[in-house]
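**Q** Using the numbering used here, you'd call the opening residue of the sequence shown number 475 and step up by one each time.
What follows is a single structure, and I will ask about it in a moment.
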Amino acid sequence: MSVANRAESLREVDLFSDCSRKELQHIARKAEQVDFTAGDNIVEEGSGGAMAGYAFVIVHGTAVVRRNGRKVAEIGPGESIGEMALFDDGPRTASVVAATDMETIMLSRRELKGIIDSTPSVAHKLLSELAGRLRKANRKLYG
475 MSVANRAESL REVDLFSDCS RKELQHIARK AEQVDFTAGD NIVEEGSGGA MAGYAFVIVH
535 GTAVVRRNGR KVAEIGPGES IGEMALFDDG PRTASVVAAT DMETIMLSRR ELKGIIDSTP
595 SVAHKLLSEL AGRLRKANRK LYG
């Protein structure tokens with residue numbers, strides 16, 4: 475997958491939707507394509523380890539999200555897996571298994587940190603999106 479295609483796929487994800495074309499291309503150059511086969515475990519609830527610092531954007535295919543063994547969602551193209559791992563070392567909050575063969579874009583916390591250091595405007599846009607999510611969660615919890 476070309477850098478331009480990765481950038482376009484990243485634009486579809488809420489976390490990156492406010493980034494400029496130039497910023498998306500910068501992020502896309504640091505990301506890589508990772509494919510999964512149906513049945514592959516992408517992330518495991520409660521885990522850390524080697525894959526703890528990575529997030530994935532689904533380009534093609536679908537995955538099932540489980541919490542405490544219960545299916546809570548099915549996700550597909552334009553959705554992301556594990557984006558909180560880009561910001562902290564906390565354990566995974568859900569397990570995600572490929573329901574079909576999948577094509578994803580993987581970004582590491584280390585690479586994102588380098589992007590933020592060199593392009594601070596990206597940090598502002600990501601923080602703005604995360605603040606919006608927190609506000610939405612607070613409204614849901616507290617009315």
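Ideal Cβ positions, reconstructed from N, Cα and C, are used throughout, including at glycine.
(1) Spell out the partners DSSP gives His598 in its beta bridges.
(2) Looking at the structure shown, is Ala605 part of a helix, part of a strand, or coil, going by DSSP?
(3) Run through DSSP, which three-state label would Asp577 get?
(4) Does DSSP put Phe490 in a helix, a strand or coil?
(5) If you reduce the DSSP assignment to three classes, tell me which class Ser521 lands in.
(6) Whole-angstrom Cβ separation of Glu519 and Ser569, contact assumed at under 8 Å?
(7) My assumption, with CB atoms under 8 Å, is that Ile532 sits in contact with Gly552. Please give the rounded CB distance.
(8) Between Val517 and Leu489, what straight-line distance do the alpha-carbon atoms span, to the nearest angstrom?
(9) Rounded to whole angstroms, what is the Cα-Cα separation between Ile549 and Pro594?
(10) Whose C-beta lies closer than 7 Å to the C-beta of His534 among residues of the same chain, with five residues either side of it excluded?
(11) Looking at the secondary structure, which residues open and close the beta strand (DSSP E) in which Asp563 lies?
**A** With the structure as the only source:
(1) Position 124 of the sequence shown, counted from the first residue, corresponds to residue 598. Per DSSP, none; premise fails for His598.
(2) Residue 605 sits at position 131 when you count from the first residue of the sequence shown. In the structure shown, Ala605 sits in a helix (DSSP, three-state: H, G or I).
(3) For the purposes of this step, residue 577 is identified with residue 103 of the sequence shown, where counting begins at 1. The sequence shown places Glu at residue 577, not Asp. Under the three-state reduction of DSSP output, Glu577 falls in the strand class.
(4) If you number the sequence shown from 1, residue 490 lands on position 16. In the structure shown, Phe490 sits in a helix (DSSP, three-state: H, G or I).
(5) As a working note, residue 521 is residue 47 in the sequence shown. Annotated three-state conformation of Ser521 is coil, per DSSP.
(6) Against the sequence shown, residue 519 aligns to sequence position 45. Against the sequence shown, residue 569 aligns to sequence position 95. Contact annotation, Glu519 with Ser569: C-beta distance approximately 4 Å; criterion of less than 8 Å satisfied.
(7) Position 58 of the sequence shown, counted from the first residue, corresponds to residue 532. Position 78 of the sequence shown, counted from the first residue, corresponds to residue 552. About 7 Å separates the beta carbon of Ile532 from that of Gly552, a gap short enough to meet the 8 Å contact definition.
(8) Counting from one through the sequence shown, the residue named residue 517 turns up at place 43. Counting from one through the sequence shown, the residue named residue 489 turns up at place 15. Within the model, the alpha-carbon separation for Val517 versus Leu489 is close to 19 Å.
(9) Here residue 549 corresponds to residue number 75 of the sequence shown, with the count starting at 1. Here residue 594 corresponds to residue number 120 of the sequence shown, with the count starting at 1. About 30 Å.
(10) Here residue 534 refers to the residue found at position 60 of the sequence shown. In the same chain as His534, and ignoring 5 residues on each side of it, the C-beta atoms closer than 7 Å to its own belong to Pro551, Met576, Glu577, in chain order.
(11) Within the sequence shown, numbered from 1, the residue matching residue 563 stands at position 89. Run containing Asp563: none; DSSP gives neither H nor E here.
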